[in-house]
Ligand SMILES: Cc1cc2nc3c(=O)[nH]c(=O)nc-3n(C[C@H](O)[C@H](O)[C@H](O)COP(=O)(O)O)c2cc1C
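Residue numbers (this note's numbering): 3 to 499.
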């Protein structure tokens, strides 16, 4: 089959190679003999002949162009629009990754405030290969359910503690990875609903602050916004930032599911003058954060660093990590216990998590997926007696209430989602977050592309998504026959066969 295709390509190429100069000459003659207008075709075909010659005899980078000339360009062209062709025409509704069409549509409909029910039946396979929630024979009335409440910092009796009133939050996405319209639309939607938003590791949260929502300030390994020039923590900057009334908690990012063991990456295409100022980095080169905090080289130094950030900020302080080696996590928790220091929360980011930019092998081959990590983390914390000393959060494709409740059944107490909120903003999964070319203006700084992302309009969508998600939570909780979210247990989940 392949060789047949190759033979055909060879024949077409030979035909093209011979036809181009012949047609050029023919149009030249016709231009003199019949009509001047033929000269336009002469020029066009002469240029094509030159390009064809260049491909076959001058350039040596692309073997396909050397061997087959101009027509090989057709392959590159079709390949370049392949993802769009597949997405629009050929893949079925449950085929795409990371989110299939049914999953994306559910978020879109919620965000637009449309009826989010579907008809006829589920499109998923019911062959035992997926997690399912176990409902109760005795569902509860919604009025009987307790409102969600999670108090961060209560274990340390912090006066500056923070109360979360929904079982989900907006996960870290830096200004840099996102454009300013996206940040402001998210922050405005958050403000309208009282949902807190994680700033991501983009440094001083200028655009978040404009919208005045509750913030979790994230400190990545480069500590943008709170760093000394050598990358170590500048305590004065952290102290000042923590005094901002909008900043409710601090999150130390140790690692991220999409690229564990690698610091954040902001490609040079996305570094504007403003971003270079807010982060304190030069323009014109990729910004690669170090793989770990300078201060955190082992369990003891990491735990002591957490204590230092707690002391300087005076706020609840969490850590974010992707679960890797079980023994290392065990040792870290053991050290917390030994030193009587614990973060106010641990957020587990599954290997299936998203990113603005990361090497493919890090996304594909590293880290433990969320539903495998969570039960282990929960158990280690329980075994070492620390489960009641801190909160456990989770992230990793938890874009609907069902998957979030599954995470809560596995020990999490609240869920982060980043891409759920990107979809609410209108993300079409173009997979170009690393290129500054996001066609819907979310992960780009191109002002023309950002024009399509109206801040007020999209903030309404964010608000609708938040309210719709919250509604679904209570619907499902009642079907599960649970009075409170904290009643959820591993036994409420059906595991894949
Ligand atoms: C565009 C984009 C930017 C992100 N930026 C950050 C970041 O600055 N810091 C961080 O810890 N995680 C970052 N993440 C990861 C998310 O916060 C989240 O942990 C991960 O995507 C899992 O959630 P999700 O599956 O709901 O997207 C980013 C993800 C995306 C898609």
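All C-beta atoms in this analysis are idealised placements derived from N, C-alpha and C, irrespective of residue type, glycine included.
For this session: Could you give the DSSP three-state label for residue 408: helix, strand or coil?
Result: If you number the chain shown from 1, residue 408 lands on position 406. Collapsing the DSSP output to three states places residue 408 in a helix.
For this session: Identify the continuous alpha helix (DSSP H) that holds residue 304 and give its terminal residues.
Result: If you number the chain shown from 1, residue 304 lands on position 302. Annotation: the continuous alpha helix (DSSP H) that includes residue 304 extends over 301 to 315.
For this session: For residue 308, count neighbouring Cβ atoms within 10 angstroms of its own Cβ and tell me buried if that reaches 16, exposed if not.
Result: The residue you call residue 308 lines up with position 306 of the chain shown. Residue environment for residue 308: buried (at least 16 other C-beta atoms within 10 angstroms of its C-beta).
Exercise. For the alpha helix (DSSP H) that contains residue 241, what are its first and last residues?
Worked result: The residue you call residue 241 lines up with position 239 of the chain shown. According to the DSSP assignment, residue 241 belongs to the alpha helix (DSSP H) that extends over 237 to 244.
Problem set entry | DSSP-derived helix/strand/coil call for residue 280 | As a position in the chain shown, residue 280 is number 278, starting the count at 1. Reduced to three states, the DSSP call for residue 280 is helix.
Exercise. Whole beta strand (DSSP E) runs in the region 160 to 198 with 3 or more residues, listed along the chain?
Worked result: Runs of the beta strand (DSSP E) inside the region 160 to 198: 164 to 166 and 170 to 172.
For this session: Give me whichever residues DSSP pairs with residue 200 in a beta bridge.
Result: Taking the first residue of the chain shown as 1, we reach residue 200 at position 198. Beta-bridge pairing links residue 200 to 218.
For this session: Report buried or exposed for residue 225, applying the criterion of at least 16 other Cβ atoms within 10 angstroms of its Cβ.
Result: Here residue 225 refers to the residue found at position 223 of the chain shown. Buried is the call here.
Exercise. According to DSSP, is residue 229 helix, strand or coil?
Worked result: Looking up residue 229 in the chain shown gives position 227. In the three-state scheme derived from DSSP, where H, G and I count as helix and E and B as strand, residue 229 is classed as strand.
For this session: Go ahead and label residue 238 buried or exposed: buried means 16 or more other beta carbons lie within 10 angstroms of its beta carbon, across all protein chains shown.
Result: Numbered from its first residue, the chain shown carries residue 238 at position 236. Residue 238 counts as exposed, since fewer than 16 other beta carbons sit within 10 angstroms of its beta carbon.
Exercise. Is the region 409 to 419 touching the region 328 to 339 in the sense that three or more CB pairs, one from each, lie closer than 8 angstroms?
Worked result: These segments do not touch.
Exercise. In its own chain, which residues sit with a C-beta less than 6 angstroms from the C-beta of residue 481, not counting the 5 before and 5 after it?
Worked result: By one-based count along the chain shown, residue 481 stands at place 479. Counting only residues of its own chain and dropping the five nearest sequence neighbours on each side, residue 481 has a CB closer than 6 angstroms to the CB of 137 and 141.
Problem set entry | CB of residue 182 within 7 angstroms of CB of residue 209, strictly | Indexing the chain shown from 1 puts residue 182 at position 180. Indexing the chain shown from 1 puts residue 209 at position 207. Taking a C-beta distance under 7 angstroms as the contact criterion, residue 182 and residue 209 qualify as a contact pair.
Problem set entry | Short CB-CB distance (under 7 angstroms) between residue 379 and chain D | Here there is only one protein chain, and chain D is not present.
Exercise. How many angstroms separate the CA atom of residue 47 from the CA atom of residue 57?
Worked result: Counting from 1 along the chain shown, the entry for residue 47 is found at position 45. Counting from 1 along the chain shown, the entry for residue 57 is found at position 55. For residue 47 and residue 57, the distance between alpha carbons rounds to 15 angstroms.
Exercise. Apart from the five residues on each side of it in sequence, which residues of its chain come closer than 7 angstroms, Cβ to Cβ, to residue 485?
Worked result: Here the question's residue 485 lines up with position 483 in the chain shown. Excluding sequence neighbours, residue 485 sits near 142, 146, 147 and 148.
Exercise. Going by beta carbon distance, what residues of the same chain come within less than 8 angstroms of residue 72, once the five residues before and after it are set aside?
Worked result: Here residue 72 corresponds to residue number 70 of the chain shown, with the count starting at 1. So the qualifying residues of the chain are 18, 22, 50, 53, 54 and 57.
Exercise. Using a threshold of 6 angstroms, is the CB atom of residue 234 nearer than that to any non-hydrogen atom of ligand 1?
Worked result: What you label residue 234 is simply residue 232 of the chain shown in a count that begins at 1. Shortest gap from the CB of residue 234 to any heavy atom of ligand 1: 6 angstroms or more.
Problem set entry | Residue range of the alpha helix (DSSP H) that includes residue 382 | Position 380 of the chain shown holds residue 382. First-last of the alpha helix (DSSP H) with residue 382: 372 to 385.
Exercise. Does the pairing of the region 458 to 467 with the region 186 to 199 give three or more beta-carbon distances under 8 angstroms?
Worked result: Contact between the region 458 to 467 and the region 186 to 199 is present, with at least three C-beta pairs closer than 8 angstroms.
Problem set entry | Cutoff 7 angstroms; reference residue 487; Cβ partners in own chain excluding five residues on either side | Residue mapping note: residue 487 aligns to position 485 of the chain shown, counting from 1. 150, 169, 410 and 479.
Problem set entry | Distance cut-off 6 angstroms: residue 255 Cβ against heavy atoms of ligand 1 | On the chain shown, position 253 is the one that residue 255 refers to. The answer is yes for residue 255.
Problem set entry | Same chain, Cβ closer than 6 angstroms to residue 497, five either side skipped, listed in chain order | Within the chain shown, residue 497 is the residue found at index 495, counting from 1. Cβ-Cβ distances below 6 angstroms link residue 497 to nothing in the same chain once the five nearest sequence neighbours on each side are left out.
Exercise. Within this structure, are the beta carbons of residue 275 and residue 438 separated by less than 7 angstroms?
Worked result: The residue given as residue 275 occupies position 273 in the chain shown. The residue given as residue 438 occupies position 436 in the chain shown. Result no, Cβ atoms of residue 275 and residue 438 do not sit closer than 7 angstroms.
For this session: Helix, strand or coil for residue 128, going by three-state DSSP, please let me know.
Result: Start at 1 with the first residue of the chain shown, and residue 128 comes out as number 126. When secondary structure is reduced to three states using DSSP, residue 128 falls in the coil class, being assigned neither helix nor strand.
For this session: Using a threshold of 7 angstroms, state whether the C-beta atoms of residue 425 and residue 109 are closer than that.
Result: Stepping through the chain shown from its first residue, residue 425 is reached at position 423. Stepping through the chain shown from its first residue, residue 109 is reached at position 107. Yes, these two residues count as a Cβ contact at 7 angstroms.
Exercise. In whole angstroms, what is the alpha-carbon distance linking residue 472 and residue 75?
Worked result: Residue numbering aside, residue 472 sits at position 470 when the chain shown is read from its first letter. Residue numbering aside, residue 75 sits at position 73 when the chain shown is read from its first letter. Using only the alpha carbons, I get a separation of about 50 angstroms.
For this session: Alpha carbon to alpha carbon, how far is residue 294 from residue 157? Give it in angstroms, no decimals.
Result: Sequence index remark: in the chain shown, residue 157 carries index 155 (1-based). Sequence index remark: in the chain shown, residue 294 carries index 292 (1-based). The straight-line gap from Cα to Cα measures roughly 27 angstroms.
Exercise. Roughly how many whole angstroms lie between the Cα atoms of residue 429 and residue 394?
Worked result: Looking up residue 429 in the chain shown gives position 427. Looking up residue 394 in the chain shown gives position 392. Going by the C-alpha atoms only, they are around 28 angstroms apart.
For this session: Determine the DSSP secondary structure at residue 4, reduced to helix, strand or coil.
Result: As a first step, residue 4 is located in the chain shown; it is residue number 2 there, counting from the start. In this prediction, residue 4 has a pLDDT of 47, which is less than 50 and means its spatial position is unreliable; nothing more can be read from the coordinates.
For this session: Report the three-state DSSP secondary structure of residue 419 (helix, strand or coil).
Result: Position 417 of the chain shown, counted from the first residue, corresponds to residue 419. Residue 419 falls in the strand class under three-state DSSP.
Exercise. Comparing the CB of residue 421 with every heavy atom of ligand 1, is any distance shorter than 6 angstroms?
Worked result: For this step, residue 421 is matched to residue 419 along the chain shown. Residue 421: yes, Cβ under 6 angstroms from ligand 1.
For this session: Go ahead and label residue 446 buried or exposed: buried means 16 or more other beta carbons lie within 10 angstroms of its beta carbon, across all protein chains shown.
Result: Within the chain shown, the letter at position 444 stands for residue 446. Per the 10 Å Cβ criterion, buried.
Exercise. Going by the beta-carbon positions, is the gap between residue 162 and residue 317 smaller than 7 angstroms?
Worked result: Stepping through the chain shown from its first residue, residue 162 is reached at position 160. Stepping through the chain shown from its first residue, residue 317 is reached at position 315. Judged by beta-carbon spacing, residue 317 lies within the 7 angstroms limit of residue 162, meaning their Cβ atoms are closer than that value.
Exercise. Is the number of C-beta pairs between the region 381 to 390 and the region 276 to 290 that are closer than 8 angstroms three or more?
Worked result: In short, these stretches do not touch, since the Cβ pair count stays below three.
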